[in-house]
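Novice:
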Amino acid sequence: MSHLINRRDLDFLLHEWLDVATLCERPRFAGHDRETFDAVVEAAHTLAVEQFAAHAAKLDANEPTFDGERVNIIPEVKAALDAYVDGGFMGAAFDEADGGLQLPYTISQSVAALFTAANIGTAGYPFLTGAAANLLRVVGSPEQQTRYMQPMIAGRFFGTMCLSEPQAGSSLGDIRTRAIPNEDGTYRLRGNKMWISGGEHDLSENIVHLVLARIEGAPAGTKGISLFIVPKYRVNDDGSLGERNGVRLAGINHKMGYRGTVNTVLNFGDEDDCFGEIVGEPNTGLAGMFHMMNEARISVGMGASVLGYSGYLHALDYARERPQGRHPGSKPTDTPVPIIEHADVRRMLLAQKAYVEGGLALCLYCATLVDQQETAEDETERNRLGLLLDILTPIAKAWPSEYGLEANKLAIQVLGGYGYTREYPVERLYRDNRLNPIHEGTNGIQALDLLGRKVTMRDGAALSLLLREIGATAEDAAEFDELHEYARSLAEAIDTVADTTQALRQQATDAESYLANANEYLEMLGHVVIAWTWLRQALVAVRAKPAGDADRDFYWGKLQATRYFFRWELPTIDHRAHLLAAVDDTCLGMWPDWF
C-alpha cells in the first residue's frame, strides 16, 4: 500500500457507498463504465507515486527562485507535468469535443486527490489551470474557449486566478486594479496582484491570468468588479503566440508550505501596456469567478483531507514498526512492543482515521452532487441538489481544512521527535496543509457564508433539506442493533441544530451579534455532517459480506471509526450549541484596546 491513500478505502467510497458507476446511465457519461473509472484511478495512482511523490521532498527543499530574468524550478517538476498532460489528466472532466475525457467530476476529484497527496507543490500548477479552464467553460465566449480554454485543456497553456491585492486580501470589494477601455474592445490593465500561485514560470508555452479589476467609472464595492483574461503572451487569431504582454513578476512570496508552487506578486501595466479581454459583461466578474471558486472550495477540502490522510498512513506504518515501551504490568526485561500497542497511540491513530476518512467521504459526496446536478433532467431535482451543494460547500471546504490539519498534527505526535524532523514527511505534510484553512476564502469567511447566507436563504430551505437527508439516514440506521446508538445520537443532533438555529435567529438583535459566533456554528453543523457521512459508511459496512479476513478487518475499522466519532466528537456540539443559542458575546465584547 502506498502512503497516498488507502486504495481499498477509495474503492469503498466510490463503488460501495456512492455507486458512481450509476452515473454511466446518464447520457453525458454513457461512454464510461466502472472498468474505465478504475483504470483511470489506477493510472493516476501509478503516476502520482512514480513521478510526483518521488521528488516531493526535493522540491520542498529547493523551492522556486527568481534570478532577475526567469523563475528557476527543479527539472523534475516539468517532467512530472509533461507525464500528467500526456496521460490526459488535465482534461479529465472536460468535454470530449474540447479535448477532454468527459469523466465525472467525482472521478476527476479522486484523481486530483492522489496527486495532491503525492506532491501538492507540483500538482498545484495543473489544478489551477483546470479551475481557470472550467471558469471559461462556464462564462467564456466561444472564441475565448477556443483561444484559451482548449490550449489549457491540452496542457499547452497554464492558468492562474488573480484576485487578491496587497492592501485588500480577501476583501475583493476593495481591489484597485483598473481596466481602461480601448477602441478595439480590449482593455488596458494597471495594478498589482498578490499571492498569485503559478504566476510566472517556463513550465508551459503561455500563462493565462484570470484577473479581477474595476473598469474606470464602475460602482464601488463588489458590484463594480469585472473579470479579464490577461495572457503572458498575446494570442493571435490563428492560435500562435504573439508579443509579450505587460504583466511582470514583481517578486516571489516565500511560504511555510506549498513551497513548490511558485507564489508571486504581479504588476500589470507598470512597464508596458497590459492588454486584457473582458469575460462576460462588465461588473459581473465576481459572479463569474464564483463559478470556479465553488468547485475550487470542494477541491480545497479534498486536498486537506488527503494531505491529512497521507500523514495518517505514514504514522500508521511507523506505529506498527517502531518498538518502544512495554505494556502496563510488563517486566523491564520484556521485549519492547510496537508503539501501536499503546492505547494513547491508538487514540491518535483512530482520531486521524475518523478525520481524514470522514472528510474525504464528504468531499466525494459533494462531487457526486455536482455530477448529478449537471446531468439531472428534472428541474426540481436540479434545484434540490443545488440547495444541498450550497449549504455543504462551505463545510466541505472548512471542516477538512481544520481537521485534516489536526490529523497532520497527530501524525507528528505519533512519530515523536522523529516527526519533528525532515527525515520523515509528516512535518512537510503539516506545513503544506496549513494553507488550506486560509485560501479560497478563510475558514472564518466560510463560516460567515454558511450562517449569514446559506442557512437563511429561501427561508431556510437548504438547512431544512439537509436535516431531512440526515434524518432519513438516522431512520435507516435505527433498524440495525449495531447502529441504534448512533442513529439516536444523530437524531438528537438534528434537533440540536434546528433548535439552536431558531434560537439564534430569534435572539440575535443585529447582524453583528448574529454572526459573532459563526465559526462555532460551522463547527457544530460540520460535526453533524461528518457524523452523517460516518453513519452512512457504517450502514454499508453492516450490510457487507466480507470476502476474507482483510475485508472483515476493513469493515470493522469503519465501524470502530464511526463509534469513535459518535462517542468522542459528536458530543462536542452541545457546548457550541449553548454558546450560539445564548448569543454569547465574550469575543464580540472584547474591545480592541483591552488586548
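Start counting the sequence shown at 1; every next residue gets the next number (full-length UniProt numbering). The C-beta atom is built at its ideal place from N, Cα and C for all residues, glycine as well.
Out of Met90, Glu50, Asn72, Thr106, which one is the CA nearest neighbour of Leu14?
Specialist: Ranking the options by Cα distance to Leu14, first place goes to Thr106.
Novice: Please list, in chain order, all residues of the same chain as Asp174 whose beta carbon is under 6 Å from its beta carbon, the five residues on each side excluded.
Specialist: Excluding sequence neighbours, Asp174 sits near Ala168.
Novice: May I have the straight-line CA-CA distance separating Asp67 from Ala133, to the nearest angstrom?
Specialist: Distance between the alpha carbons of Asp67 and Ala133 is about 30 Å.
Novice: Nearest-angstrom Cα distance between Trp195 and Ser164?
Specialist: So the alpha carbons of these two residues sit roughly 7 Å apart.
Novice: Give the DSSP bridge partners of Thr65, in chain order.
Specialist: According to DSSP, Thr65 bridges with Asn72.
Novice: From the DSSP secondary-structure annotation, give me the bridge partner or partners of Lys193.
Specialist: Lys193 pairs with Leu266.
Novice: Please specify which runs of the alpha helix (DSSP H), each continuous and at least 4 residues long, are wholly inside the stretch 275-363, giving them in chain order.
Specialist: As far as the stretch 275-363 is concerned, its whole alpha helix (DSSP H) runs of at least 4 residues are 285-321.
Novice: Considering only the alpha carbon of each residue, which of Ser110, Cys363, Tyr403 lies closest to Ala92?
Specialist: Considering only alpha carbons, the answer is Ser110.
Novice: Three Cβ pairs or more, each shorter than 8 Å: is that satisfied between the stretch 115-126 and the stretch 254-261?
Specialist: They touch, by the three-pair rule.
Novice: What are the start and end residues of the alpha helix (DSSP H) that includes Ser464?
Specialist: Element bounds for Ser464: 461-477.
Novice: Which of the three DSSP states is assigned to Thr375 in this structure?
Specialist: Here Thr375 sits in helix by DSSP.
Novice: Looking only at C-alpha atoms, which of Pro151, Lys397, Lys353 sits nearest to Asn436?
Specialist: Taking only the C-alpha atoms, the option nearest Asn436 is Lys397.
Novice: Among Glu321, Cys274, Val414, which has the Cα closest to the Cα of Arg346?
Specialist: Nearest option by C-alpha distance: Val414.
Novice: Using a Cβ distance threshold of 8 Å, determine whether the stretch 355-369 contacts the stretch 521-533, with at least three qualifying pairs required.
Specialist: Yes, the stretch 355-369 is in contact with the stretch 521-533.
Novice: In the DSSP assignment, find the unbroken beta strand (DSSP E) run with Arg434 in it and report its ends.
Specialist: Segment: none, Arg434 is in no beta strand (DSSP E) and carries neither H nor E.
Novice: Residue ranges of each alpha helix (DSSP H) run of no fewer than 4 residues wholly in the stretch 10-72, ordered along the chain?
Specialist: With a minimum length of 4 residues, the continuous alpha helix (DSSP H) runs that stay inside the stretch 10-72 are 34-47, 56-61.
Novice: Quick one: residues in its chain with C-beta nearer than 6 Å to the C-beta of Ala447, no 5 flanking neighbours on either side, listed in chain order?
Specialist: The residues are Ala518, Asn519, Leu522.
Novice: Using a Cβ-Cβ cutoff of less than 6 Å, which residues in the same chain neighbour Ala296 once the five nearest sequence positions on both sides are dropped?
Specialist: Closer than 6 Å at Cβ, skipping near neighbours: Ala131, Glu440.
Novice: Would you list the one or two residues that DSSP bridges to Ala179?
Specialist: In DSSP, Ala179 forms a bridge with Leu189, Ile215.
Novice: Rounded to the nearest angstrom, what separates Leu286 and Ala97 at their Cα positions?
Specialist: Taking the straight line from one Cα to the other gives about 28 Å.
Novice: Leaving aside the five residues before and after Gly301 along the sequence, list all residues of the same chain whose C-beta is less than 6 Å from its C-beta, in chain order.
Specialist: Once the five neighbours on either side are set aside, the close Cβ partners of Gly301 are Cys363, Ala396, Lys397, Pro400.
Novice: Quick one, are the C-beta atoms of Phe228 and Val247 less than 8 Å apart?
Specialist: No, they are not a contact pair.
Novice: Can you tell me whether Asp449 is buried or exposed, with buried defined as 16 or more other CB within 10 angstroms of its CB?
Specialist: When all chains shown are included, Asp449 counts as buried.
Novice: Just to confirm before moving on: does the CB-CB distance between Ile391 and Leu490 stay below 8 Å?
Specialist: No.
Novice: Residues in its own chain within less than 6 Å of Lys353 by CB, not counting five upstream and five downstream?
Specialist: For Lys353, where only same-chain residues beyond five positions count, the Cβ hits under 6 Å are Ala561.
Novice: I want to know whether the stretch 587-595 touches the stretch 564-578 - three or more CB-CB distances under 8 Å.
Specialist: Because the criterion of three Cβ pairs below 8 Å is not met, the stretch 587-595 and the stretch 564-578 do not touch.
Novice: Please find out if some non-hydrogen atom of the ligand ATP comes closer than 7 Å to the beta-carbon of Val542.
Specialist: For the ligand ATP, the structure offers nothing, since it holds no ligand at all.
Novice: Take the Cβ of Arg244 as the centre, count every other Cβ of all protein chains shown within 10 Å, and call the residue buried at 16 or more, exposed below.
Specialist: The residue is exposed, with fewer than 16 neighbouring Cβ atoms inside 10 Å.
Novice: Do Gly419 and Glu406 come within 8 Å of each other at the CB atom, strictly closer than that value?
Specialist: The answer is no: Cβ separation not under 8 Å.
Novice: Take the Cβ of Gly308 as the centre, count every other Cβ of all protein chains shown within 10 Å, and call the residue buried at 16 or more, exposed below.
Specialist: Looking at its Cβ environment, which holds 16 or more other Cβ atoms inside 10 Å, Gly308 is buried.
Novice: For Cys162, name the three-state secondary structure that DSSP assigns.
Specialist: Looking at Cys162 - three-state DSSP - the assignment turns out to be strand.
Novice: Determine the direct distance from the alpha carbon of Gly404 to that of Asn206, and round the result to whole angstroms.
Specialist: Distance between the alpha carbons of Asn206 and Gly404: 34 Å.
Novice: Would you give the residue range spanned by the alpha helix (DSSP H) that Ile107 belongs to?
Specialist: Start and end: 105-118.
Novice: Thinking C-beta only, is Arg190 closer than 8 Å to Gly276?
Specialist: Not a contact, by the Cβ cut-off of 8 Å.
Novice: What distance in whole Å lies between the Cβ atoms of Ala547 and Tyr555, which are believed to be in contact at a cut-off of 8 Å?
Specialist: Not confirmed; about 10 Å, so no contact.
Novice: Please list the terminal residues of the continuous beta strand (DSSP E) segment that includes Val235.
Specialist: First-last of the beta strand (DSSP E) with Val235: 233-235.
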